[in-house]
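Undergrad: So for the sequence shown, full-length UniProt numbering puts the first residue at 1; every next one is plus one.
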Amino acid sequence: VSGRVLCRADSAYYGHAFVGTALRHGVWFSVTARMDPQVKATIAGIDEDAWTPIKYPHAVWEETEQRWVSDAEVAEVPFVAFTSRRKAEHVPCRLIVRRVRRLQPLASDGSEQGELFAAYRHHAFITNSTLDTVEADQRHRGHAIVEQVIAELKDGPLAHLPSGKYAANAAWVATATIAFNIARAATVAADMATARWATVRRRIINVPARIAATGRRLILHLPSRWPWAEHWTALHTAATGPPPTAAS
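(1) Taking DSSP's pairing of strands, which residues face V97 in a bridge?
(2) Is the distance from the Cβ of V134 to the Cβ of L158 below 9 Å?
(3) Ignoring anything shorter than 3 residues, give me the beta strand (DSSP E) runs that lie fully in the region 187 to 217, in order along the chain.
(4) Is DSSP giving F29 helix, strand or coil here?
(5) Under 8 Å: do the region 69 to 80 and the region 40 to 56 share three or more Cβ pairs, one atom per stretch?
(6) Out of N206, A239 and T237, which has the shortest C-alpha to C-alpha gap to P223?
(7) Quick one: grab the DSSP three-state call for A119.
(8) With 16 as the cutoff for other CB atoms within 10 Å, does I126 come out buried or exposed?
(9) Can you tell me the Cα-Cα spacing of A33 and R4, whole angstroms?
(10) Assuming the contact rule is C-beta atoms closer than 8 Å, A190 and H231 should be a hit. Round their C-beta distance to whole Å, please.
(11) Should the region 75 to 94 be regarded as contacting the region 158 to 167, the criterion being three or more beta carbon pairs within less than 8 Å?
(12) Tell me I219's beta-bridge partners as DSSP assigns them.
(13) Would you kindly work out how many angstroms separate the C-alpha atoms of A229 and L235, rounded to a whole number?
(14) For the beta strand (DSSP E) holding A9, just list the boundary residues, first then last.
(15) Using the Cα positions of A41 and R99, report the straight-line distance between them to the nearest angstrom.
(16) Could you pull out every residue in the same chain whose Cβ sits closer than 8 Å to the Cβ of A9, ignoring the five residues on either side in sequence?
(17) Can you give me the C-alpha to C-alpha distance between L116 and I43, rounded to a whole angstrom?
(18) Considering Cα atoms alone, identify which of T237, M192 and Y120 is closest to E48.
(19) My output table needs one value for L106: the three-state DSSP class, helix, strand or coil.
(20) When burial is assigned at 16 or more other CB atoms within 10 Å of the CB, is A89 buried or exposed?
(21) By the DSSP assignment, the alpha helix (DSSP H) with D137 in it spans what residues?
(22) Mind checking who V91 pairs with in its DSSP beta bridge?
(23) Kindly indicate the opening and closing residues of the alpha helix (DSSP H) around A229.
(24) Assuming L220 and A209 form a contact by the criterion Cβ under 8 Å, report the distance between their Cβ atoms to the nearest whole angstrom.
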């Protein structure tokens, strides 16, 4: 197996130490740029015609124009990073910028307000890869997935770390990760795939209920007029029902 190594990182690694190491080892880098004055000025200088719409979450395919209609666009410009360092450590590269249109606040009557001018959020990164602009952006966005996982774990069981025993910490982290993976599978079964772990716990796990015994049966009484009953039922059915029939 052969291929080119791509080192992706967030803005905490936006510096010559990381990028220079990647260059010395002959690998591609893709690093989120800090929004310093140089980067902001470069973004401001990008021509309006340089922006390309991209397939983005919730984008809609416009059949008439044969293009993705989305509030996300990408553009790139040549860039020299770390110009505050000595000239030998300047890094010529590509600055790729993704912009997402800011949502306009609703008026007091709930209608959409008109905008005086388009306002965008910009996300920039530098890279030396030869991938085209759109693919380079897609590859770079992949680095942020684990950050959401870490945030959810810290909001849950990892909040109880650390213990004074390393073995206990290791066991707790392993168990927490298993629980997280089960929780993610549960969200899919409950038709709540985009819900965070804390939301799932609040809506369909930490539920006030009571058990009643009738004859030889146990009956679980759940809250009445419970807005998440449908999701809980879907999860219960998936967890306790027979496995799906394999397609022939």
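Beta carbons: idealized from backbone N, C-alpha and C, even for Gly.
TA: Answer, in terms of the structure:
(1) The residue you call residue 97 lines up with position 97 of the sequence shown. A75 and A124.
(2) Mapped onto the sequence shown, residue 134 falls at position 134. Mapped onto the sequence shown, residue 158 falls at position 158. Not a contact, by the Cβ cut-off of 9 Å.
(3) 210 to 214
(4) In the sequence shown, counting from the first residue as 1, residue 29 sits at position 29. Strand at F29.
(5) yes
(6) Sequence index remark: in the sequence shown, residue 223 carries index 223 (1-based). For the residues N206, A239 and T237, the minimum Cα distance to P223 belongs to N206.
(7) By 1-based counting over the sequence shown, the position of residue 119 is 119. Correct three-state label for A119: coil.
(8) In the sequence shown, residue 126 corresponds to position 126, counting from 1. So I126 counts as buried.
(9) Within the sequence shown, residue 33 is the residue found at index 33, counting from 1. Within the sequence shown, residue 4 is the residue found at index 4, counting from 1. Distance between the alpha carbons of A33 and R4 is about 22 Å.
(10) Your numbering for residue 190 matches position 190 in the sequence shown. Your numbering for residue 231 matches position 231 in the sequence shown. Right, the Cβ-Cβ distance comes to about 4 Å (below 8 Å), so this counts as a contact.
(11) no
(12) For this step, residue 219 is matched to residue 219 along the sequence shown. I219 pairs with A212.
(13) Within the sequence shown, numbered from 1, the residue matching residue 229 stands at position 229. Within the sequence shown, numbered from 1, the residue matching residue 235 stands at position 235. Answer to the nearest angstrom: the Cα atoms are 10 Å apart.
(14) Sequence index remark: in the sequence shown, residue 9 carries index 9 (1-based). L6 to A9 is the extent of the beta strand (DSSP E) around A9.
(15) By 1-based counting over the sequence shown, the position of residue 41 is 41. By 1-based counting over the sequence shown, the position of residue 99 is 99. Cα to Cα, the separation comes out at about 15 Å.
(16) Counting from one through the sequence shown, the residue named residue 9 turns up at place 9. Cβ neighbours of A9 beyond the five flanking positions: F18, F29, S30, V31, T32 and H143.
(17) Counting from 1 along the sequence shown, the entry for residue 116 is found at position 116. Counting from 1 along the sequence shown, the entry for residue 43 is found at position 43. With a pLDDT of only 47 at L116, under 50, the local geometry of the prediction cannot be trusted, and no value is derived from it.
(18) Within the sequence shown, residue 48 is the residue found at index 48, counting from 1. It is Y120.
(19) On the sequence shown, residue 106 is found 106 positions in, with the first residue counted as 1. Here the model assigns L106 a pLDDT of 48, short of 50, so the residue's position is not dependable and the matter cannot be decided.
(20) Your numbering for residue 89 matches position 89 in the sequence shown. In the sequence under discussion, the amino acid at residue 89 is Glu, which differs from the Ala named in the question. The residue is exposed, with fewer than 16 neighbouring Cβ atoms inside 10 Å.
(21) Here residue 137 refers to the residue found at position 137 of the sequence shown. Its alpha helix (DSSP H) spans residues T133 to R141.
(22) Here residue 91 refers to the residue found at position 91 of the sequence shown. A81.
(23) Here residue 229 refers to the residue found at position 229 of the sequence shown. From DSSP, the alpha helix (DSSP H) with A229 extends over A229 to T240.
(24) Stepping through the sequence shown from its first residue, residue 220 is reached at position 220. Stepping through the sequence shown from its first residue, residue 209 is reached at position 209. That belief holds up - the Cβ atoms of L220 and A209 are roughly 6 Å apart, short of 8 Å.
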